[in-house]
């Protein structure tokens, strides 16, 4: 069960948390732009977010944490950080309402025949990049806003949706601390 659900969920949480932290606190946009001058870091960051949505849904349905109130609370709070909008957080970058989170999460998940029967895994980043070019991803305003924000921000302080990312990152830190404990 750990190998099938917990390890990939931890990986998805850690990689997203690390990316957000580097962007917001360590000047990571500059490093990403140097590494990916073609702007592919925006797609990669989006992939990490969507991968988290997929594994969050999988872990809430399968595996050892389906009844763990703290995992459910923290994962839900992280997803809510991405879905909340209002006067202080207008609809825009990094704003994925719950139905879109579920749809995006399902898009990156697939099942395959494995040692223990049907097992879940995520598609590769390269497969995800191919999907971005066609509907429904190419039609998603949330996807467009998020990638535009990442590509167009001068630095992290000017990144649209920064508050959402900071809130999500905080919940991811708490979730990882709880799971690793």
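In this note's numbering, the protein residues as written are 14 to 194. Glycine included, each C-beta is placed from N, C-alpha and C at the ideal position.
Give a yes or no on whether the C-beta atoms belonging to residue i and residue j are separated by under 7 angstroms.
i, j, result
"residue 52", "residue 175", "no"
"residue 25", "residue 65", "yes"
"residue 70", "residue 118", "yes"
"residue 122", "residue 133", "yes"
"residue 27", "residue 191", "no"
"residue 68", "residue 21", "yes"
"residue 162", "residue 178", "no"
"residue 30", "residue 185", "yes"
"residue 108", "residue 98", "yes"
How many angstroms separate the CA atom of residue i from the CA atom of residue j?
i, j, result
"residue 143", "residue 194", "37 angstroms"
"residue 60", "residue 106", "14 angstroms"
"residue 126", "residue 16", "15 angstroms"
"residue 102", "residue 75", "33 angstroms"
"residue 116", "residue 145", "14 angstroms"
"residue 160", "residue 77", "34 angstroms"
"residue 114", "residue 153", "12 angstroms"
"residue 110", "residue 170", "24 angstroms"
"residue 81", "residue 128", "26 angstroms"
"residue 85", "residue 104", "25 angstroms"
"residue 147", "residue 158", "16 angstroms"
"residue 183", "residue 100", "21 angstroms"
Please work out which residues of its chain come closer than 7 angstroms, Cβ to Cβ, to residue i, disregarding the five sequence neighbours upstream and downstream, and give them in chain order.
i, result
"residue 181", "33, 91, 94, 95"
"residue 265", "The requested residue 265 does not occur in the structure, where the chain is confined to residues 14 to 194."
"residue 150", "144, 156"
Spatial neighbours of residue i within its chain, please: CB distance less than 8 angstroms, with the 5 preceding and 5 following residues excluded, ordered by chain position.
i, result
"residue 168", "40, 42, 43"
"residue 49", "57"
"residue 19", "72, 76, 77, 78, 192"
"residue 23", "189, 192, 193"
"residue 63", "117, 118, 120, 121, 141"
Thinking residue i and residue j are a contact (beta carbons under 8 angstroms), I'd like their distance in whole angstroms, please.
i, j, result
"residue 188", "residue 87", "4 angstroms"
What residues in its chain sit with their C-beta under 6 angstroms from that of residue i, if we drop five residues either side in the sequence?
i, result
"residue 35", "41"
"residue 131", "124"
"residue 166", "172"
- Quick one: any contact between the region 31 to 40 and the region 79 to 95, if contact means 3 or more CB pairs under 8 angstroms? no
- Given 8 angstroms as the limit, is there contact between the region 53 to 64 and the region 119 to 138, that is, 3 or more CB pairs closer than that? yes
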